[in-house]
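A short write-up of the structure that comes next.
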Amino acid sequence: MWKCEENMREQFKNKGRRAALAAVAAVMAYISLIPLMVLLQLAFHQPSQLTQNGFFSLQGMTLQNFGLAFESSNLFLGMINSARIAAASLLLTVLFASAASYEIARFPSKLNNTAYVLFLFSMAIPSIISTVPLYILMRKLGAINTLWGMILLNTAFAMPFAIFLYTSFIKSMARDMEEAAKIDGCSAAGCFFRVLFPIMKPVTSTVILLNAVTFWNEYGRAVFFLQKQSVYTMPLSISLFIQKYGADWELMAAAALVALIPVVTVFLAFQKYYIKGLAAGAVKG
Numbered sequence: 001m002w003k004c005e006e007n008m009r010e011q012f013k014n015k016g017r018r019a020a021l022a023a024v025a026a027v028m029a030y031i032s033l034i035p036l037m038v039l040l041q042l043a044f045h046q047p048s049q050l051t052q053n054g055f056f057s058l059q060g061m062t063l064q065n066f067g068l069a070f071e072s073s074n075l076f077l078g079m080i081n082s083a084r085i086a087a088a089s090l091l092l093t094v095l096f097a098s099a100a101s102y103e104i105a106r107f108p109s110k111l112n113n114t115a116y117v118l119f120l121f122s123m124a125i126p127s128i129i130s131t132v133p134l135y136i137l138m139r140k141l142g143a144i145n146t147l148w149g150m151i152l153l154n155t156a157f158a159m160p161f162a163i164f165l166y167t168s169f170i171k172s173m174a175r176d177m178e179e180a181a182k183i184d185g186c187s188a189a190g191c192f193f194r195v196l197f198p199i200m201k202p203v204t205s206t207v208i209l210l211n212a213v214t215f216w217n218e219y220g221r222a223v224f225f226l227q228k229q230s231v232y233t234m235p236l237s238i239s240l241f242i243q244k245y246g247a248d249w250e251l252m253a254a255a256a257l258v259a260l261i262p263v264v265t266v267f268l269a270f271q272k273y274y275i276k277g278l279a280a281g282a283v284k285g
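Just so we're aligned: the sequence shown equals residues 1 to 285 in full-length UniProt numbering.
Quick look at the structure:
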């Protein structure tokens, strides 16, 4: 009888804890959605409508802000530039990081180990420290106000963490398939591209997802190295709505909502591989 009562009390406590955790999670989820709710209200309403109907009212919704945003700022060109930079940066990051990681993981040497340590160490250096030296270097290369300059910068900054993920993943894989391919006469490059690379889909998807969002939303480096409106990216185009004596918040919100669409699309496409890639790259490493 006493044990039965004790079990009932324990079950009641567990239910209470779960209910409390669920309540806290619900509150935190609601708080995290507030910025998105504000963004939606600003994007689909005029200032006068928000004043009359209340900030979270659904009355008077309109698409006028989106049309005005595209008319007053060259958002379409900004989207194209961002897409070009992000796509090329992702391609180079995946290609170079995976190849370098294969060399580090499968052919260990003092040079490779030193290079790997330097890559890991570079992740601890704040990017702001290298801004001035990079600007001087980019100016000498003629890469200021060029898309290819931003592509090189994005690739360079994304390489260390991508190499860490790829190297950890490759080290966790058995060599059986590679050795069988070498017996059949396959070269090291052939083993990598034909055998190993297709198996690395989870970690590749993680690298793509993490860096696609970063490249698309990149503002800190773009504001330094892209100073002509003809090469503005999406974040720089949105920043044009901030003027000297104020900002067009409704147009900025509409433009920001448009900028969210590619990010959400990429996340939905690669989300099932995201956790697998992180676990393979971090835990097994």
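For glycine and all other residues, C-beta sits at the position ideal for the given N, C-alpha and C.
Because the structure is a prediction, the values reported are computed rather than measured.
The C-alpha of residue 99 is placed about 11 Å away from the C-alpha of residue 106.
In summary, residue 248 is buried, with 16 or more beta-carbon neighbours lying within 10 Å of its beta-carbon over all protein chains present. In the assembly as shown, residue 250 is a buried residue. Its beta-carbon has 16 or more other beta-carbons within 10 Å. For residue 72, the CB contacts under 7 Å within the same chain, skipping 5 residues up- and downstream, are 251 in chain order. Taking a cut-off of 8 Å on C-beta distances, the stretch 147 to 154 touches the stretch 83 to 97, as three or more cross pairs fall below it. Note on the stretch 131 to 188: whole alpha helix (DSSP H) runs with a minimum of 4 residues are 131 to 141, 147 to 171, 176 to 183, in chain order. Residue nearest to residue 255 within the set 265, 236, 161 is 236 (criterion: CA-CA distance).
Exclusion of the five residues before and after residue 159 leaves 97 as the residues of its chain whose Cβ lies within less than 6 Å of its Cβ. Distances from the CA of residue 103 to each of 224, 192, 67 were compared; the closest alpha carbon is that of 192. Proximity to residue 70 across 43, 92, 90 peaks at 43, based on C-alpha coordinates. DSSP, read as helix, strand or coil, puts residue 242 in strand.
Annotation: the continuous alpha helix (DSSP H) that includes residue 79 extends over 75 to 106. About 7 Å separates the beta carbons of residue 194 and residue 186, which is inside the 8 Å limit, making them a contact pair. Residue 101 and residue 212 have their C-alpha atoms some 20 Å from each other. Contact annotation, residue 224 with residue 135: C-beta distance approximately 6 Å; criterion of less than 8 Å satisfied.
When the beta-carbon positions are compared, residue 119 and residue 209 stay at least 8 Å from each other.
Between residue 207 and residue 93, the gap from beta carbon to beta carbon is short of 8 Å.
Per DSSP, the unbroken alpha helix (DSSP H) holding residue 215 starts and ends at 201 to 217.
Minimum Cα-Cα distance from residue 218 among the listed residues 138, 234, 205 corresponds to 234.
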